[in-house]
Structure formats: structure tokens, C-alpha cells
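Asker: Taken in order, these protein sequences are the chains called A and B. Sequential numbering from 1440 applies to the first sequence in the numbering used here. Sequential numbering from 1339 applies to the second sequence in the numbering used here.
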Amino acid sequence: MVTVDKLEEMRLEPEVPELDLSWLNLDTEWGVSAEPGRKGLTLQQINKSLYGDIPATSEDSSARPRGAAAPEGATPRMTPWVLGDATETFSDSAALLYDEAVSRQWSSATDIPWDTLDELPEDIERAMAQLCTSLTEVEFIAGDVPGKWLPRIAADHFESGLFLMSQVMDEARHTDVFRKRALANGGGLLLQGGGGGLRQILEAEDFTQMSSMLHILGEGFVQSLFRLGELIAHNEAEKRIFRLAAQDESRHVAYGVTHLKYTLENDPDKAEEVHWTLDMFEDTLVDPDQANPGLAGALVYLLGDGDVDEGWRLFWHVRRKQVLEYLHRLDVAGLGGRLETGRLHPALSGALDEN
Amino acid sequence: MPDSDVVAAAKKRLEESGLPSDWLDAPVHWGVKAKEQATPENGGLRFEYLNVDVYGEVPEVWQNNTEIPRGAIPDTRTEQMGYSIFNKAEVWSDLCAGLYEDAIADRWNSSADIPWDTLEPIGSDLERAVCQIATLMSEYGWTKAQTTGRWLQEISYGYIEVKLFLGTVVFDGARLYEVWRKRALANGGGLGRGGRNWKFLPLTQSYTFSEFCVASIMHDSMLLALLRHGEQLAQTEAERSIYELCQKDIERHLAYFVDHMRYLMLKEPVRREEIHRYMNKAEWYLAKDGDDTLYSALAVVMGDGREGAEEAMVDVAELRREQVETYLGYLRQCHLGDREDRLNEELRKWAGIAPEEEVEKIPV
């Protein structure tokens, strides 16, 4: 072993890098500047001039920021393939939604009033623990999915990439907060949910198909449920969890809707493919064999506060709202008509008849 | 104590309505009350406080390939979800849960937390140099987020703390990307020239998480050494804030990567040579990338313009030496102190370390 002293004696002057000033004379756009506005300096404010030009297609698999000059010399392919066509990933709202995500981050450790969790009757505590077991499971996959797609997003379409990165963070927090709730008040984690369509979202090999399932139908249903969190919650801590999580889900749903809208406006032929995907995913969601055995029971029980009949009544109220909001989102995205054409799964259209 | 009468009555009501009721009397670990530790002095209900009873048992090998929460009761009908990492040693660090909560507590917003109004005209050479640095920083942020994100689908819920923390790394990567893009576009300069990206291949190509980790240690430690010069490099208060905030994020990432590698070296010392091969690769790509625009831009900033750049290259060389030293320092922390003997020859020159054959001549 060579001693440290000896090595110190052998220290040389560090090699001086070669000075290359060719980048001082680039033909990139000069003079673009941005002033911070009411919300500071947002992505929207810097998306100006050529830096705001979103290419319809990109063949650049590198990390080069949009608008930067190409490097000199050979460059490697960073990833086997990127989704170079903007219709595959882009959303006009992605930058705005990312900015909003950054400004609305919250902490499950400190922003939830955990001290308001009072002792609950065992049946209610178990029901809440079961609901949270199912939710931490669902949110876990909801974080894996955008992670899977990140390497395939072209840097030229960075707005969508940034949004998905913020979604990864949001889903981590949701996975975390529902696990916290399950373990905070004596209940513990209960039964696993049995899949319930999560695998279909994960295995999708088309971004728009994935987004239709995850953002529009899956998270849409979850958001509708969370917005009715007042009906489920038994204390201020739970109300706050549902309220904050619903806020996050709203962004995810908005991304899915605006992405689909962008895609259909620029590639109308994609509509049938998305319909087909939704046919399949709706079928999975209502398939009794796929259903999460604990989730429905726990939800009904919580909605009725132990009164199962009242819980059922409210469950159908929630389901009706979920379906109506789902159909509205599809309308906004330009994929209306599922109800009118009889394409909506009967178990979902049937929910609209319930009182 | 569980109240069996209440549960029995609830089960009966559910069954009469045709609803599943198994969840009501599942053999749950009743009575875990993490809320009791959630005081303001303790930082609220931090994830570390959940790790009690069976819920805190992180197995050496996780057997389940579904999304089942650790500690929940499995449903054997669930499809496998395609995870590939089931070995604790491959990803674990005891620091994860705490670092995850720290990341959230330290969150910042590039729109509102940077005093953008302190930006002022600084002369075209300096502005171009700052923008060149910003362009390359953005590239790394993008790469960091993309390559970290890709590992999420590989890691099972058994090691949930790791995944939560990696989620914050992805988000930090996004911010690293966009805060520097904002800097480049906020003050008249615009983006500079993209890097060659060869140096990032060990991140994008990694086959194992360990390989990804050591490549991350190399890139992050070198970035950290640069960020620590923020006071010297920043032209305005806005840039000073950017350097400081990014530094804090990268320190957190390194804390995880280093602690994880330390854990791996302790648990699986047989993998030492394999890990050295990954470092060989990462260093080789970095050295061969041959993209000097970063160091030239730093020289223009340190030299206060192109005229002073030549002279400032000596300071830049010193900064580059510090980068290699920082990298080696972190490797020493994870029981990879023998790396100095095997460091890539180009990086030895950067650090002013004598060539390997010269060192070998020293009598032991």
C-alpha cells in the first residue's frame, strides 16, 4: 500500500483543460429575456421566440435543451427510441400544469393535522385502513408508469417530460400519505386489491393509450372520489388528505384530457384506438373478478358510516358522479359520444340511472 | 384491543348486502399508531415513524412481484407487475425515508424562490458563458430525471422508502433542468451549445441499479464540486440562489447513493470488482467525452470575459481537480477508497495524481 504522504509528494499540477471559445459565436437567438410576473418566472414566460417553438416532430434522442445549438462532433443515441411525434405526448397545458405542481407541493408529514385523528370505532378504523391499503397500492403503480415513459420523452417536448416528473413526485406523496393514514391510528394495512386494471396501465406500449387509462379514466375516477372525501372522512386529517390529493389528481386528469385533445386534433385517426382502449379498460374496471374485494366494501361502509344501505345509496351517487365527469372529460378532449353510441360499458351507463 | 362484537356486527351487515367482508377480520397488526410520534418537534409524521412492528421489517429478499404494500395481506390472484429488484442490498439505504422527508421539507420553487429581478446586464461574453453553463446544467437535470425515473418500475414495494426517495430525485432533476433553462432565457443570452452526451451513457445504459448508482456518484460529486463554487461564479443574487439550492439537492442525492453503495459493499463485498468495472466505464466515457465547453465557459466567467479566460484556465484546472477529489472522497465513504489506485488515466491528470506506473515504482 502506498502511503498518503508518499502520494502527496507525487502530486502534480492538474492538467489545464483546452480553451475552446467557439461557443461564444453561436448562431442561437440572442436578446430574448423574460420578466418575472405575479407568480414569479414561470415556464410560460420563458417559452418565447424560437425557444417556445414546439416542433411537430423531433428525432433528437439526446438531452439537448430545445433551442440549444447542436454540439460539434459525434453524439450518441441516448435511448433506443423517443416519442418524436408531438401528438404522442404533447399537451398545451403541460408547462402550466408543471408550474402549478411545483407551487402546490405539500408535505404529508406537516400539512396534515395528524393530531385530529381521534380514536375511531374498530369497524370504521378498519374500513379506513382498508381503503388506504387499496389507495397506497394504486398510487404506487401510478408513480411507476410515468417513470417508465420518461426516457422516451423527447427533450424537444420537455414540457410533457417535466409534467410527468412532477407526477412521479405527486404519486410518491400519495403512496406515502395513504400508508401513513393506515398506520397512524391503529388500523394497519389490510387486504391487497387484486390488480383491478393496474397491470393494463403499466403494460401499455402506446403513450396515449396509457394516458387515457391512467389520467382520464383511472385518475379521473379517483379524483371524483377524493372530491367527495368529505363523505368518507371522519376527521380533519382525512379531509385534508383527500382535499390535497384531489388537487394533485386534478392536474393529472387535466394533462390527460389536454394531451388527448391535442392528439385528436392533430391525428383524428387515433380516436378509434383510444375508444378501443377505453372499451377494454372499462371492462376491466367493472369485472367482478378484477374488482378489489376490500375497496368496495370499505368504501360503502365508510360512506354510510356503518349504515350499509345508506352507504350503497351514496356509493351510487359517487359512481354516477364519476361516470358523468368521465364522459365530460372525454367530450372536452374531443372523444364524446360513448354514452350516446352505446359504447360506454353497461355497468357504467347503468350507474347514470341510479338515484 | 380489537372489539370483536363491533366487527362481527359489521360483517353481518355487509354480508346481508352482498358485499365482501373479509377485510373486516383480516389478521391485521392492530394497534400501530404512528401518529403518536407526529409532533411538531419531530417534524410531523415522517415516514421513518411508520417503520414499527411488521411494517418496519424490510426483508433481505422481497418475494412478491405485485404492487402489494409491505405489511398487507396478499391477494394471490394479482398479476405480476414486472419488477426486477427483489434484493435489499441492491437498492437499500437506511437514510432513504429521512432523505425523502428532507427533500419535501426543503422543496423550492424556481418561479418564486429565485430573485429573478436581481438579474442585470452583464456583458455579452459573460452572459454567453453563464448561458453555456446553464445549457449543460439543464442537460444533466434532464438526464438525471429520465434515468432515475426508469428505475422506478424495477423496484418492488418491499423497498418503498427507496422508491419514494427516487421520486424526489426525479422531481429535483426536473427543477435542475428548468431553473437553468430559465436562467439562460431570462437575461438576453439564450441557450448555448448542447453537450456531446457521451458521458451520460453509463447512466442511460446501466443494466443494474448499482451501475446506475456509481455513475450517479461520479456525475453528482463532480457537479457538487462545481456548485460549491457558486459564490465565485454567480454574477447576481439570482444565480447565487440557484447554485445554493441545487447544491442542497445534489448533496441529498449523494447522501443516498453513497450510503447505498456503502451498504452494498458491506453486504456483498464480492461485487467489488464488478463495481470497479462500472466505474471504469463511467470514467472512460467522461474522459473521452472531450467536451471542454463547460470548462471554457467557466474560464470566461472566472476571467471576467474572454480576455481573461486563458489566465483563468489555471483556476478552472484547480476546480476540475477538486471535482475528481470530491468524487474520490465520496468513494472513500462507501468503502471504495481503493479507487484512487485505479482511477482513469485522464482523470488522474485532471486531479494531478501521478500516473499509475509512476506510483507503482514507489517502494512499499
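Heads up, the beta-carbon is just placed ideally off N, CA and C, and yes, glycines get one too. Note that the structure is predicted; figures quoted are calculated from it, not measured.
Leaving out five residues before and five after residue 1508 of chain A in sequence, what residues of the same chain have Cβ atoms less than 8 Å from its Cβ?
Answerer: 1462, 1465, 1466, 1467, listed in sequence order.
Asker: Helix or strand or just coil, what does DSSP make of residue 1339 of chain B?
Answerer: Here the model assigns residue 1339 of chain B a pLDDT of 48, short of 50, so the residue's position is not dependable and the matter cannot be decided.
Asker: Less than 8 Å separating the beta-carbons of residue 1702 of chain A and residue 1648 of chain A?
Answerer: No. Outside cutoff.
Asker: Listed from N- to C-terminal order along the chain, which residues in the stretch 1669-1680 of chain A have their beta-carbon within a distance smaller than 7 Å of any beta-carbon of chain B?
Answerer: From the stretch 1669-1680 of chain A, no residue has a Cβ closer than 7 Å to chain B.
Asker: Does residue 1339 of chain B pass the burial test, meaning 16 or more other C-beta atoms within 10 Å, or should it be called exposed?
Answerer: In this prediction, residue 1339 of chain B scores a pLDDT of 48, lower than 50, which makes its location untrustworthy; no coordinate-derived value is stated.
Asker: According to a CB-to-CB cut-off of less than 7 Å, which residues of the stretch 1510-1528 of chain A neighbour chain B?
Answerer: Residues passing the 7 Å Cβ filter: 1510, 1512, 1514, 1515, 1517, 1518.
Asker: Straight-line CA distance for residue 1612 of chain B to residue 1540 of chain B?
Answerer: Distance between the alpha carbons of residue 1612 of chain B and residue 1540 of chain B: 14 Å.
Asker: Which of helix, strand or coil does DSSP assign to residue 1399 of chain B?
Answerer: Residue state, collapsed to three classes: strand.
Asker: Mind checking who residue 1479 of chain A pairs with in its DSSP beta bridge?
Answerer: Note: residue 1479 of chain A sits in a beta bridge opposite A:1476.
Asker: My parser needs the alpha helix (DSSP H) runs of 4 or more residues fully inside the stretch 1570-1641 of chain B; what are they?
Answerer: Counting only runs of 4 or more, we get 1575-1605, 1610-1627, 1631-1640.
Asker: Tell me which residues share the same chain as residue 1555 of chain B and place their Cβ nearer than 6 Å to its Cβ, disregarding the 5 neighbours each side in the sequence.
Answerer: Contacts found: 1595, 1668.
Asker: For residue 1486 of chain A, I'd like the list of residues in its chain whose CB is within less than 7 Å of its CB, leaving aside the five on either flank, ordered along the chain.
Answerer: Hits under 7 Å: 1534.
Asker: Using the DSSP secondary-structure output, state which residues sit across from residue 1522 of chain A in a beta bridge.
Answerer: Its beta-bridge partners are A:1592.
Asker: With DSSP run on the structure shown, which of helix, strand or coil describes residue 1372 of chain B?
Answerer: Looking at residue 1372 of chain B - three-state DSSP - the assignment turns out to be helix.
Asker: Quick check on residue 1502 of chain B: does DSSP put it in helix, strand or coil?
Answerer: Here residue 1502 of chain B sits in helix by DSSP.
Asker: Name the two residues that bound the continuous alpha helix (DSSP H) containing residue 1617 of chain A.
Answerer: That run of the alpha helix (DSSP H) goes 1597-1623.
Asker: Quick one: Cα of residue 1491 of chain B to Cα of residue 1551 of chain A, how far?
Answerer: Between residue 1491 of chain B and residue 1551 of chain A, the C-alpha separation is close to 28 Å.
Asker: For residue 1639 of chain B and residue 1562 of chain B, I'd like the C-alpha separation in whole angstroms.
Answerer: Between residue 1639 of chain B and residue 1562 of chain B, the C-alpha separation is close to 18 Å.
Asker: Would you say residue 1761 of chain A and residue 1664 of chain A are within 8 Å of each other, going by their C-beta atoms?
Answerer: Result yes, Cβ atoms of residue 1761 of chain A and residue 1664 of chain A sit closer than 8 Å.
Asker: Whose Cβ in chain A lies nearer than 9 Å to the Cβ of residue 1643 of chain B?
Answerer: Result: empty, since nearest Cβ-Cβ is about 10 Å, beyond 9 Å.
Asker: Do you know offhand how far residue 1598 of chain A's Cα is from residue 1528 of chain A's?
Answerer: Their backbone Cα atoms lie some 10 Å apart in a straight line.
Asker: Give the secondary structure of residue 1430 of chain A by DSSP, where H, G and I count as helix, E and B as strand, and everything else as coil.
Answerer: Here chain A covers residues 1440 to 1794 and nothing more, so residue 1430 of chain A does not appear.
Asker: Kindly indicate if chain B contains any beta-carbon less than 8 Å away from that of residue 1605 of chain A.
Answerer: Taking Cβ atoms only, chain B reaches closer than 8 Å to residue 1605 of chain A, which makes this a yes.
Asker: Chain A partners of residue 1385 of chain B, CB-CB under 7 Å?
Answerer: Under the 7 Å cutoff, chain A gives 1615.
Asker: Any beta carbon of chain B sitting closer than 8 Å to that of residue 1801 of chain A?
Answerer: What the structure shows of chain A is the stretch from 1440 to 1794, and residue 1801 of chain A is not part of that stretch, so it cannot be assessed.
Asker: Taking Cβ-Cβ distances shorter than 7 Å, what residues in chain A pair up with residue 1509 of chain B?
Answerer: Per Cβ cutoff of 7 Å: 1604, 1605, 1607, 1608.
Asker: Using only alpha-carbon positions, find the residue among A:1617, A:1615, A:1569 that is nearest to residue 1364 of chain B.
Answerer: That would be A:1569, whose Cα lies nearest to the Cα of residue 1364 of chain B.
Asker: Do residue 1458 of chain A and residue 1736 of chain B count as a contact pair if the criterion is CB distance below 8 Å?
Answerer: Since the first residue of chain B shown is 1339 and the last is 1702, residue 1736 of chain B is not available in this structure.
Asker: Alpha helix (DSSP H) containing residue 1473 of chain B: first to last residue?
Answerer: Per DSSP, residue 1473 of chain B belongs to the alpha helix (DSSP H) from 1462-1487.
Asker: Return the chain-ordered list of same chain residues with a C-beta closer than 7 Å to the C-beta of residue 1622 of chain B, the five sequence neighbours on each side being excluded.
Answerer: These residues qualify, in order along the chain: 1682.
Asker: Just to confirm before moving on: does the CB-CB distance between residue 1539 of chain A and residue 1690 of chain A stay below 8 Å?
Answerer: Cβ distance < 8 Å, so residue 1539 of chain A and residue 1690 of chain A count as in contact.
Asker: Is residue 1839 of chain A buried or exposed, if buried means 16 or more other CB atoms sit within 10 Å of its CB?
Answerer: Because chain A is modelled from 1440 through 1794, residue 1839 of chain A falls outside the range shown and cannot be assessed.
Asker: Quick check: what's the CA-CA separation for residue 1727 of chain A versus residue 1537 of chain A?
Answerer: For residue 1727 of chain A and residue 1537 of chain A, the distance between alpha carbons rounds to 37 Å.
Asker: Pull the bridge partners of residue 1630 of chain A from the DSSP assignment, please.
Answerer: DSSP, once it has assigned bridges, lists B:1411 as partnering residue 1630 of chain A.
Asker: Report the option in B:1672, B:1590, B:1696, B:1646 whose CA atom is closest to the CA atom of residue 1439 of chain B.
Answerer: Comparing Cα-Cα distances from residue 1439 of chain B to each of B:1672, B:1590, B:1696, B:1646, the minimum goes to B:1590.
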